[in-house]
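Notes follow once the structure below has been shown.
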């Protein structure tokens, strides 16, 4: 029987690649976006043509307290897999960050994933099956100066994954995360070419990751090949942190 996956943040670089990987595996897809409707619609049409799957787009602002509940209302079919990929980076000294930014980042990376997962779990629990993958970050493991807020949010995601994995294992549902290092996406646009070269020089493999490399790790964790893996944070960082 065909499975359906919800991918949040599907219009971005990593979300797009994850959607492509899952479509190649035969998943029907619910592609969430916030602002970039045209990119999400274009992706849905491409995946339908290329893989013969069902794909629909869903809008929602997960940085707001009501965003997760509003998105849930637009999901009418059972969901077998959830990819929690929505997010954005934040760079700046802790003393320069205002309360509104803190609240938005925590909502986007922590509270909304929690609420969205909570809302979709009853169907998974009834079916005694399902898989959830969060797209986190290397900074959730190591922390980063001048990215304290982002590090805090991603560290919270790791605790969410580990706790939820234990809670849902008796129901046949697995929960994991991928923690990328530096990935060649628009999130790196804040760095100039010289800075990007310096970052690449710090990575043992010697380059930034491509979105597809993160996507394949996420697709693996959702697949039956990972049937005995739950509660894990899979680092995809080229040896930057071991």
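Numbering (our numbering), first residue to last: 755 to 996.
Don't be surprised by glycine CBs; every beta carbon is placed ideally from N, CA and C.
1) From this set, 842, 849, 818, which residue's C-alpha is nearest residue 890's C-alpha?
2) Quick check on the burial criterion: 16 or more other C-beta atoms within 10 angstroms. Buried or exposed for residue 923?
3) Given residue 837, which residues of its chain have a CB within under 6 Å of its CB, disregarding the five upstream and five downstream residues?
4) Count the other C-beta atoms from every protein chain shown that fall within 10 angstroms of the C-beta of residue 959, then say buried if there are 16 or more, exposed otherwise.
5) What does DSSP give as the partner residue(s) for residue 758 in the beta ladder?
6) Quick one: Cα of residue 778 to Cα of residue 861, how far?
7) What residue does the alpha helix (DSSP H) around residue 856 start on, and which one ends it?
8) The beta strand (DSSP E) that contains residue 989, what's its start and end?
9) Per DSSP, which residues does residue 811 bridge with? Please list them.
10) Quick check: residue 798 and residue 782, are their CB atoms within less than 8 Å of each other?
11) Can you check which of these residues, 854, 788, 872, 926, is closest to residue 882 by C-alpha distance?
12) Measuring CA to CA, which of 990, 965, 905, 979 is closest to residue 932?
13) Does the separation of the CB atoms of residue 851 and residue 816 fall below 8 Å?
14) Of the choices 938, 966, 855, whose alpha-carbon is the least far from that of residue 953?
15) Quick check on this structure: which residue in 936, 878, 812, 757 has the alpha carbon closest to the alpha carbon of residue 829?
16) In three-state DSSP terms, what is residue 928?
17) Considering only the alpha carbon of each residue, which of 943, 944, 961 lies closest to residue 951?
18) Give every residue of the same chain whose Cβ lies closer than 6 Å to the Cβ of residue 988, excluding the five residues on either side of it in the sequence, and list them in chain order.
19) Only counting runs of 3 or more residues, tell me where the beta strand (DSSP E) segments fall wholly within the region 797-849, in order along the chain.
20) Using the beta-carbon count (16 or more within 10 Å), is residue 911 buried or exposed?
21) Could you give the distance in angstroms between the alpha-carbon of residue 986 and the alpha-carbon of residue 928?
22) Less than 6 Å between C-beta atoms, sequence neighbours within five positions excluded: which residues of the same chain meet that for residue 915?
Looking at the coordinates:
1) Locating residue 890 in the chain shown gives position 136, counting from the first residue. Residue 842 is the option with its Cα nearest to residue 890.
2) In the chain shown, counting from the first residue as 1, residue 923 sits at position 169. That one is exposed.
3) Here residue 837 corresponds to residue number 83 of the chain shown, with the count starting at 1. For residue 837, where only same-chain residues beyond five positions count, the Cβ hits under 6 Å are 761, 772, 887.
4) Translated into positions along the chain shown, residue 959 becomes position 205. Result: exposed.
5) Indexing the chain shown from 1 puts residue 758 at position 4. For residue 758, the beta-bridge partners assigned by DSSP are 782.
6) As a working mapping, residue 778 is identified with position 24 in the chain shown. As a working mapping, residue 861 is identified with position 107 in the chain shown. Each residue's alpha carbon lies about 31 Å from the other.
7) Numbered from its first residue, the chain shown carries residue 856 at position 102. Residues 853-860.
8) As a first step, residue 989 is located in the chain shown; it is residue number 235 there, counting from the start. From DSSP, the beta strand (DSSP E) with residue 989 extends over 987-990.
9) Against the chain shown, residue 811 aligns to sequence position 57. Its beta-bridge partners are 785.
10) To locate residue 798, count along the chain shown from 1; it is residue 44. To locate residue 782, count along the chain shown from 1; it is residue 28. The answer is no: Cβ separation not under 8 Å.
11) Within the chain shown, numbered from 1, the residue matching residue 882 stands at position 128. For the residues 854, 788, 872, 926, the minimum Cα distance to residue 882 belongs to 926.
12) Along the chain shown, one-based indexing puts residue 932 at 178. Comparing Cα-Cα distances from residue 932 to each of 990, 965, 905, 979, the minimum goes to 990.
13) Here residue 851 refers to the residue found at position 97 of the chain shown. Here residue 816 refers to the residue found at position 62 of the chain shown. It is not a contact, given that the beta carbons lie outside the stated cut-off.
14) Here residue 953 refers to the residue found at position 199 when the chain shown is read from its first residue. Of the candidates 938, 966, 855, the residue whose Cα lies closest to the Cα of residue 953 is 938.
15) Translated into the one-based positions of the chain shown, residue 829 becomes position 75. Ranking 936, 878, 812, 757 by Cα distance to residue 829 puts 812 first.
16) Here residue 928 is taken as the residue at index 174 of the chain shown, counted from 1. Strand.
17) Within the chain shown, residue 951 is the residue found at index 197, counting from 1. The candidate whose alpha carbon is nearest that of residue 951 is 961.
18) Working through the chain shown from its first residue, we reach residue 988 at position 234. 932, 971, listed in sequence order.
19) 809-813, 835-838
20) Within the chain shown, residue 911 is the residue found at index 157, counting from 1. So residue 911 ends up on the buried side.
21) Numbered from its first residue, the chain shown carries residue 986 at position 232. Numbered from its first residue, the chain shown carries residue 928 at position 174. Answer to the nearest angstrom: the Cα atoms are 10 Å apart.
22) Here residue 915 refers to the residue found at position 161 of the chain shown. Correct list, in chain order: 888, 929, 931.
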